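Read in our numbering, the sequence shown has 309 at position 308, and its numbers run on one by one without any break.
Heads up, the beta-carbon is just placed ideally off N, CA and C, and yes, glycines get one too.
These numbers were taken from a predicted model, which means no experiment stands behind them.
Everything on this sheet refers to the single structure shown next.
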Amino acid sequence: MGDQISLRDAFGRALTSLGSIRDDFVLFDADVAGGTGAKPFVQAFPEKVVQFGIAEQNMMAAAGGFADTGIIPVVTTFAAFGTMRAHEQFRTAIAYPGRNVKLCCSHIGVDVGPDGPTAQMLEDLATIRAVPGVTVVVPADANQMLQALPAILDHPGPVYMRIGRSPAPVITPADSSFNIGKASRLRGGNDVTLIATGVMVARALAAAENLASDGIEARVINLSTIKPLDKEELLQAAIETGALVTAEDHSVLGGMGSAVAEFLAETHPVPISFVGVRDRFGKSGEPEELARLFGLTAEDIQKAAKSVIVRKKA
Numbered sequence: 002m003g004d005q006i007s008l009r010d011a012f013g014r015a016l017t018s019l020g021s022i023r024d025d026f027v028l029f030d031a032d033v034a035g036g037t038g039a040k041p042f043v044q045a046f047p048e049k050v051v052q053f054g055i056a057e058q059n060m061m062a063a064a065g066g067f068a069d070t071g072i073i074p075v076v077t078t079f080a081a082f083g084t085m086r087a088h089e090q091f092r093t094a095i096a097y098p099g100r101n102v103k104l105c106c107s108h109i110g111v112d113v114g115p116d117g118p119t120a121q122m123l124e125d126l127a128t129i130r131a132v133p134g135v136t137v138v139v140p141a142d143a144n145q146m147l148q149a150l151p152a153i154l155d156h157p158g159p160v161y162m163r164i165g166r167s168p169a170p171v172i173t174p175a176d177s178s179f180n181i182g183k184a185s186r187l188r189g190g191n192d193v194t195l196i197a198t199g200v201m202v203a204r205a206l207a208a209a210e211n212l213a214s215d216g217i218e219a220r221v222i223n224l225s226t227i228k229p230l231d232k233e234e235l236l237q238a239a240i241e242t243g244a245l246v247t248a249e250d251h252s253v254l255g256g257m258g259s260a261v262a263e264f265l266a267e268t269h270p271v272p273i274s275f276v277g278v279r280d281r282f283g284k285s286g287e288p289e290e291l292a293r294l295f296g297l298t299a300e301d302i303q304k305a306a307k308s309v310i311v312r313k314k315a
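The structure is reproduced here in structure tokens:
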């Protein structure tokens, strides 16, 4: 695995790079550009920034109206504010009329670290993916972020993008493409499939390496679009490996794992084990400490894989 780069830093780089070549978007900020990674863009292109202060509901409603000008609002804030505090405005002013707004939120999962449970958004996928017509994107590393931002700008309609806060390993090639609605198979294997998203993708790859030493060949899928799902890739994994583990820095209630299970329950049911936060609020601590506390490590994925293989054989 490569360098450790936070996705919010990559988000700021991508914004700034695109600001030099595109005039079709503006940044909406709620006085948290330093926290979301957007500060370099704010400094480079102040004329392309609309500042709302700590008034997220107003910002979201204004983004809905502003989108009617044909310029794309890129709305940035912490996920707790964007997907909870301003959820009604996002749903009613943006999603319901299908307006072309991109909601890009940092501070998700226990990856947030010391900021603690009020900032560690573990419910955002559950609340946002249930809103009709919203595309949900979760890049796995800095390279994917650089490709994902222009992709969501080119994608019509409302998009929610989840942005990690802490340094994460770079695991995808710099020249890889990002296609909304398509998963990436990062490793082959027919004994079990590890389906991961966000910071958990690197841990799934590490788990697969450990499983290989035990003679277990694990397929690894980076599910970087939660909605719409890559149903073809998921169905193929279920048919060919017969057992799945989902891994996410999110509650196991209503998150990526739930989306996968909902689809496969109707098409090709197989044993599934869910690695995620189990109906708890977060805690303050360093990200790796919290990953161990909440069962989100490579070792936890490895253990879940062995368990679900036993269920497959039963």
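Inset, instruction - Helix, strand or coil for P115, going by three-state DSSP, please let me know. - result: Here residue 115 is taken as the residue at index 114 of the sequence shown, counted from 1. Coil.
Legend entry - Coil, strand or helix - P41 by DSSP: Stepping through the sequence shown from its first residue, residue 41 is reached at position 40. Helix at P41.
Legend entry - Cβ separation of G277 and V253, assumed to be a contact under 8 Å, to the nearest whole Å: As a first step, residue 277 is located in the sequence shown; it is residue number 276 there, counting from the start. As a first step, residue 253 is located in the sequence shown; it is residue number 252 there, counting from the start. Yes, G277 and V253 are in contact; Cβ-Cβ is about 4 Å, under 8 Å.
Legend entry - 8 Å contact criterion, which P74 and A68 should meet: CB distance rounded: Looking up residue 74 in the sequence shown gives position 73. Looking up residue 68 in the sequence shown gives position 67. That pair is a contact at about 6 Å.
Inset, instruction - Starting from A197, follow its DSSP beta bridges and name the residues at the other end. - result: The residue labelled residue 197 in the question sits at position 196 within the sequence shown. According to DSSP, which records beta bridges pairwise, A197 is partnered with N223 and A248.
Inset, instruction - Following the continuous beta strand (DSSP E) through I273, name the residue where it begins and the one where it ends. - result: Against the sequence shown, residue 273 aligns to sequence position 272. Element bounds for I273: I273 to V278.
Legend entry - alpha helix (DSSP H) segment containing S285, residue limits: In the sequence shown, counting from the first residue as 1, residue 285 sits at position 284. Looking at the DSSP string, S285 is not in any alpha helix (DSSP H), and its letter there is neither H nor E.
Inset, instruction - May I ask you to verify whether the segment 285-298 touches the segment 115-131, counting CB pairs closer than 8 Å and requiring at least 3? - result: yes
Legend entry - Close Cβ partners of N223 (< 6 Å) along its chain, the five nearest in sequence each way excluded: Start at 1 with the first residue of the sequence shown, and residue 223 comes out as number 222. Here the set comprises A141, S185, L187 and V202.
Inset, instruction - For the beta strand (DSSP E) holding F29, just list the boundary residues, first then last. - result: By one-based count along the sequence shown, residue 29 stands at place 28. F26 to D30 is the extent of the beta strand (DSSP E) around F29.
Inset, instruction - Answer yes if the segment 191-210 comes into contact with the segment 164-174, meaning at least three C-beta pairs across the two stretches below 8 Å, and no otherwise. - result: yes
Inset, instruction - Going by DSSP, name the residue or residues bridged to K228. - result: Here residue 228 is taken as the residue at index 227 of the sequence shown, counted from 1. Paired residues: V137.
Legend entry - Closest residue to A358 among V171, S259, I196 and T226 (Cα-Cα distance): Coverage of the chain is limited to positions 2 through 315, which leaves residue 358 absent and any answer about it impossible.
Legend entry - Rounded distance between the beta-carbons of F179 and A131, thought under 8 Å: Translated into the one-based positions of the sequence shown, residue 131 becomes position 130. Translated into the one-based positions of the sequence shown, residue 179 becomes position 178. Contact flag wrong, Cβ pair sits at about 24 Å.
Inset, instruction - Please list, in chain order, all residues of the same chain as A120 whose beta carbon is under 7 Å from its beta carbon, the five residues on each side excluded. - result: Position 119 of the sequence shown, counted from the first residue, corresponds to residue 120. Result list for A120: F79, A81, H108 and V113, in chain order.
Inset, instruction - Using a threshold of 8 Å, state whether the C-beta atoms of N211 and Q303 are closer than that. - result: Numbered from its first residue, the sequence shown carries residue 211 at position 210. Numbered from its first residue, the sequence shown carries residue 303 at position 302. Going by beta carbons, N211 and Q303 fall inside the 8 Å limit.
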